[in-house]
Amino acid sequence: MAEISPPKVRGQLVGLYEILLQVGECVGFWVNFGVSKHISISAKQWHIPIAIQFSKYYLNCRLTKLKVFPSTLPLVPGGVLFISSMFLQETPRWLYKVGKREEAVTTLAWIRNLPIDHVYVQEEFAFIGVQLDRELQVQRKKGFFGQLREISKPGLRNRLALGMTIMMCHNLTGAGAISDFAPTIFESVGMARVNSALFATGIYGLVKMVATFIALFWIVDRAGRRKPLIAGAFIGGLALYYVAAYVALAKPVQGIGSTPAGRFAAACLYVFAVATCGSWNGISWIICAEIFPLSVRALCQAITTATHWIFAFAMARATPYMLANIDYGFYLFFGTCMMLMIPLVYFLLPETKGVSLENVDKLFGYVAIVVLDVGLEEEVFGKPSLEGNDAEKALD
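Those letters in the sequence shown? Residues 3 to 398, per this note's numbering, in order.
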């Protein structure tokens with residue numbers, strides 16, 4: 003998505019991933035609540051939620067008692083994805099890189115819904131070409147080991163370290179841990195019954211979904227990346243500090259019922275959801291999709307994504323033990339982590355809002371881009387006019 007998105011709306015388009023993720027998570031929360039409320043205690047209470055994850059086909063098979071092997075069920079949505087992928091276009095940048103330049107400009111015009119000779123298409127394609135030609139010239143070796151050599155250079159290794167740190171911080175907000183164990187979390191602040199905790203969890207999912215939609219459609223490409231990350235870390239950290247103080251001082255007992263202070267603690271969890279979904283949950287993926295050059299983008303994104311899932315796994319494993327053994331320290335730990343993210347973003351993360359993928363190199367001190375013979379200004383790190391007013395007016 004980052005490769006084909008115009009800089010002006012790149013955050014919105016890449017953010018669709020997180021929005022759809024939150025929609026699915028919200029549906030899952032409410033399915034669990036409905037199953038708990040309306041189905042008696044039996045194996046169906048876990049069969050149905052798992053069935054819905056696979057497909058309606060599996061659910062129908064379970065209800066009609068047809069023999070189906072659960073291990074084959076992921077093939078249904080997987081098969082749909084496989085068939086759909088056959089109709090996808092390759093990105094213009096990749097096509098240019100492998101020498102299919104006519105197909106690249108045709109695809110770019112199709113994506114932009116403009117004629118090939120339109121000034122915006124020609125200017126964007128020219129700048130893409132200059133950048134990729136430069137990358138091909140400076141690559142000393144091809145293949146995987148050549149990419150490893152490339153990412154060890156100044157200007158790329160700091161980007162990779164930053165991307166990995168951003169993904170680590172994404173998990174150290176505690177957003178995933180609290181979502182995974184939301185019913186237990188709400189019971190820990192005094193929710194009276196399991197159904198009440200599941201209902202509160204369903205509301206939590208709705209809050210996350212709405213906050214993510216608003217943030218990634220109306221904020222991220224207006225306020226940028228840095229400001230939401232800093233604000234989200236500060237607000238989310240404060241919310242968790244209150245929950246930690248409440249648990250430490252009031253020592254609520256699960257299943258007894260909540261007090262006004264306990265209800266405010268539950269409200270702080272919703273504030274935390276808004277803060278994280280409006281910042282770290284979605285923006286971390288956007289940043290890691292737009293800060294790497296095409297020559298090593300696949301490798302660097304694979305490394306940053308692996309970093310995310312390693313820490314997600316670690317948090318999922320650690321959370322039950324943290325809740326059982328350190329009590330209020332669970333909230334204090336994640337709140338402190340969020341506060342420490344503020345100086346990290348302020349001092350280390352440059353703003354990438356509206357910057358073309360080719361010009362991101364300038365922000366990180368990578369090797370210079372010399373723009374020649376494309377109707378653009380000839381200078382080192384020359385800023386292309388397609389990021390300015392001329393090309394934007396051409397689209398009107």
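Just so it is clear, CB atoms sit at the ideal spot from N, CA and C, and this is done for glycine as well.
- In the three-state reduction of the DSSP assignment, Thr175 falls in the coil class.
- Between Val212 and Tyr330 a beta carbon distance of about 29 Å is seen, past the 8 Å cut, so the two are scored as non-contacting.
- Close CB contacts of Met170 within its chain, under the 7 Å cut and outside five residues either way in sequence, are with Thr309 and Phe313 (chain order).
- In the three-state DSSP reduction, Ile180 falls in the helix class (H, G or I).
- Short of 6 Å from the beta carbon of Gly239, and not among the five residues preceding or following it, lie these beta carbons of its own chain, in chain order: Gly337, Met340 and Met341.
- Unbroken alpha helix (DSSP H) runs of no fewer than 4 residues, entirely contained in the stretch 6 to 40, are found at 12 to 40, following chain order.
- When Leu134, Gly176 and Asn160 are compared, the shortest CA-CA separation from Met324 is found for Gly176.
- For Arg114, the enclosing alpha helix (DSSP H) covers residues Arg103 to Arg114.
- The beta carbon of Phe294 is closer than 7 Å to those of Arg161, Cys302 and Gln303 in its chain, skipping five residues each way along the sequence.
- With fewer than 16 other Cβ atoms inside 10 Å of its own Cβ, Leu83 counts as exposed.
- Within the model, the alpha-carbon separation for Val362 versus Pro230 is close to 20 Å.
- With 16 or more neighbouring CB atoms inside 10 Å of its own CB, Met343 falls in the buried class.
- Distance from the CA of Ala267 to the CA of Ile221, rounded to the nearest whole angstrom, comes to 27 Å.
- Non-local C-beta neighbours of Val347 in its own chain, meaning closer than 8 Å and more than five positions away in sequence, comprise Arg228, Leu231, Ile232 and Ala235, ordered along the chain.
- Each residue's CA atom was taken as its position, placing Glu5 and Gly264 some 46 Å apart.
- When the five nearest sequence neighbours on each side are left out, the beta carbons in the same chain lying within less than 7 Å of the beta carbon of Tyr98 are those of Ala106, Ile130, Gly131 and Leu134, in order along the chain.
- Non-local beta-carbon contacts of Phe332 in its own chain, meaning distances under 6 Å to residues more than five positions away in sequence, involve Met324 and Leu325 in chain order.
- Between Gly26 and Ile285, the gap from beta carbon to beta carbon reaches 9 Å or more.
- Distance from the Cα of Val37 is smallest, within the candidate group Tyr243, Gly204 and Leu110, for Gly204.
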